[in-house]
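Student: The following block contains the structure, expressed as structure tokens.
Numbering (this note's numbering), first residue to last: 2 to 264.
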């Protein structure tokens, strides 16, 4: 998996949709107060801390392969103030725990990861017997409006040279594909669904913030001194084809793959 240079502070500012969807996954997990929870791809730690509030007699460990994200999480949510919260730099494909957790959650992270079978096997080994996973990630067909806009911009003469040999950088799967992945593990009682969400960005600055913070496979191909110009063009293209509503809200159709299973 390619590692991108995340701007953790920017992500902290522009990740409200991801946080909202994560709360839905947490509710689905029905986490008990004494359980030990692993949050895979925890990012800036906002969701990890919300989980910690549920496990008052347990603990939660947030892991992410971005050192910048983990550093920000530790800064925003210090262990001295949140004694049952821990953060660690660790890639989702390198989970090396031995039956330590009751629940594993992952929110808006695994669509960055190429080898999901390896991730799932690591999760299985990390769970106690009877433990469960609740995963939420981008699904096949995610945010087509944004891909339409970005694809138009990268074909323009000014930008196309930066995108030679670009391969689709996200790992979006459908229900059958993910069923096949889990079938290659020992998980049982799997449930997989795709849920459509209305992703909202209030005003063009928030739309730009989303492109800037999460479309790194595209923006980081552009030299830094031209990056904002590229982001501006992508957002303008989006706005022209998918105008804001009367409240100046831009909408994108987010498709989320939600997976649950037990050990």
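We treat Cβ as the ideally placed atom computed from N, Cα and C, and that holds for glycine.
Quickly, what does DSSP pair residue 195 with across the bridge? List them, please.
Tutor: DSSP output for residue 195 lists 258 as bridge partner(s).
Student: Using the three-state DSSP reduction, which class does residue 223 fall into: helix, strand or coil?
Tutor: Residue 223: coil per DSSP, three-state reduction.
Student: Return yes when the Cβ of residue 255 is within less than 9 Å of the Cβ of residue 191, no when it is not.
Tutor: No, they are not a contact pair.
Student: Looking at the strands, I want to know which residues DSSP matches up with residue 88.
Tutor: In DSSP, residue 88 forms a bridge with 63.
Student: Which same chain residues, not among the five before or five after residue 60, have their C-beta less than 8 Å away from its C-beta?
Tutor: Closer than 8 Å at the Cβ level, and outside the excluded window around residue 60, lie 37, 38, 53, 85, 86, 87.
Student: Compute the Euclidean distance between the alpha carbons of residue 263 and residue 116, then round it to the nearest angstrom.
Tutor: When rounded, the distance between both Cα atoms is 20 Å.
Student: What does a CB cutoff of less than 6 Å around residue 7 pick up in its chain, not counting 5 residues either side in sequence?
Tutor: Bear in mind that a pLDDT of 46 at residue 7, under 50, signals an unreliable position, so the number given afterwards is only what the model happens to contain. Hits under 6 Å: 67, 69, 70.
Student: For the 8 Å Cβ check, are there 3 or more pairs between the region 234-252 and the region 133-150?
Tutor: Cβ pair count under 8 Å is three or more, so yes.
Student: Confirm, please, whether the CB-CB distance from residue 177 to residue 26 is below 9 Å.
Tutor: Taking 9 Å as the Cβ cut-off, residue 26 and residue 177 do not qualify as a contacting pair.
Student: Write down the C-beta distance between residue 261 and residue 135 rounded to the nearest angstrom, noting that I regard them as a contact closer than 8 Å.
Tutor: Confirmed, about 5 Å.
Student: Between residue 76 and residue 128, what straight-line distance do the alpha-carbon atoms span, to the nearest angstrom?
Tutor: Computed Cα separation, rounded: 28 Å.
Student: Can you give the Cα-Cα distance for residue 118 and residue 50, rounded to whole angstroms?
Tutor: About 28 Å.
Student: DSSP three-state call for residue 1: helix, strand or coil?
Tutor: Given that the chain is displayed from residue 2 to residue 264, the structure contains no residue 1 and the question cannot be resolved.
Student: Using only the alpha-carbon positions, how far apart do residue 131 and residue 103 sit?
Tutor: Cα-Cα distance, rounded: 8 Å.
Student: Where residue 28 and residue 109 are concerned, what is the direct C-alpha to C-alpha distance, given to the nearest angstrom?
Tutor: Approximately 16 Å between the Cα atoms of the pair.
Student: Determine the direct distance from the alpha carbon of residue 188 to that of residue 23, and round the result to whole angstroms.
Tutor: Straight-line Cα distance between these residues: approximately 22 Å.
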